Amino acid sequence: MDLSSIPRDLNTNDLHLRPIRLSDAEGMFAMLSDKESMKYWCAPPIAEVGDALEVLRKDVESDARGNSLCWAVTLKGEDELIGKCILFQFSHENHRAEIGYILNRNYWRRGYMLQALEAVIDFAFGTLKLHRLEADVDPENAGSLGILEKLGFEREGLFRDRWLSYGEWVDSVMLGLVKPG
């Protein structure tokens, strides 16, 4: 399946998800430079807008190669990036992908990421005809675990010392969601 040619603008009650682009650098910088937002990202906060532009360049190139589908999360009627959702690590022969996301801390606890993930999951199971989605979450990230479990993801395993984050080894909870029906 050629992922790069699939129309993928998504809408929820409050959000518009569109393909990420290089002009999202300011919004990406606001998110990725925030220490609290990056706490469970396994990478230190970025220091310059140029670093955000490099992240975006990699996302855009990965999307163009068909290795991922990356969305900018924006409020309806606005175009500023407030979050990012991504499908990646595709296994086309097994109809599976991994899902990832991050949201600017100024928009936490408003239900936005839940809406965004519902739209991406519907797209993954409907448009892409995937059978399974997986998520890799730090066990300390109660907010992310709560959202995923609300969406039907189930904890399937614990990988000990999976990531080196801020100089310390951290575990990872693996969650899975199988297409309903």
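Residue numbers (our numbering): 875 to 1055. Where is the CB? At the ideal position from N, CA and C, for every residue including glycine. Just so you know, these numbers come straight off a predicted model, no measurement behind them.
Excluding its 5 nearest sequence neighbours in each direction, residue 931 has C-beta neighbours in its own chain below 8 Å: 896, listed in chain order.
Under a 10 Å Cβ-count criterion, residue 1003 is classified as exposed, with fewer than 16 other Cβ atoms of the shown protein chains found around its own Cβ. Secondary structure of residue 978 (DSSP, three-state): coil. Straight across, the Cα-Cα distance linking residue 1008 with residue 961 is about 10 Å.
The DSSP-derived three-state label of residue 921 is coil. Between residue 929 and residue 977 a beta carbon distance of about 15 Å is seen, past the 8 Å cut, so the two are scored as non-contacting. Three or more beta-carbon pairs separated by less than 8 Å link the segment 933 to 946 to the segment 885 to 904, which places the two stretches in contact. Annotation: residue 904 to residue 921 spans about 10 Å, alpha carbon to alpha carbon. Scanning the segment 965 to 1048 for uninterrupted alpha helix (DSSP H) segments of 4 residues or longer gives 986 to 1000 and 1016 to 1024, listed from N- to C-terminal end. With respect to residue 940, residue 884 sits apart: the two C-beta atoms are not nearer than 8 Å.
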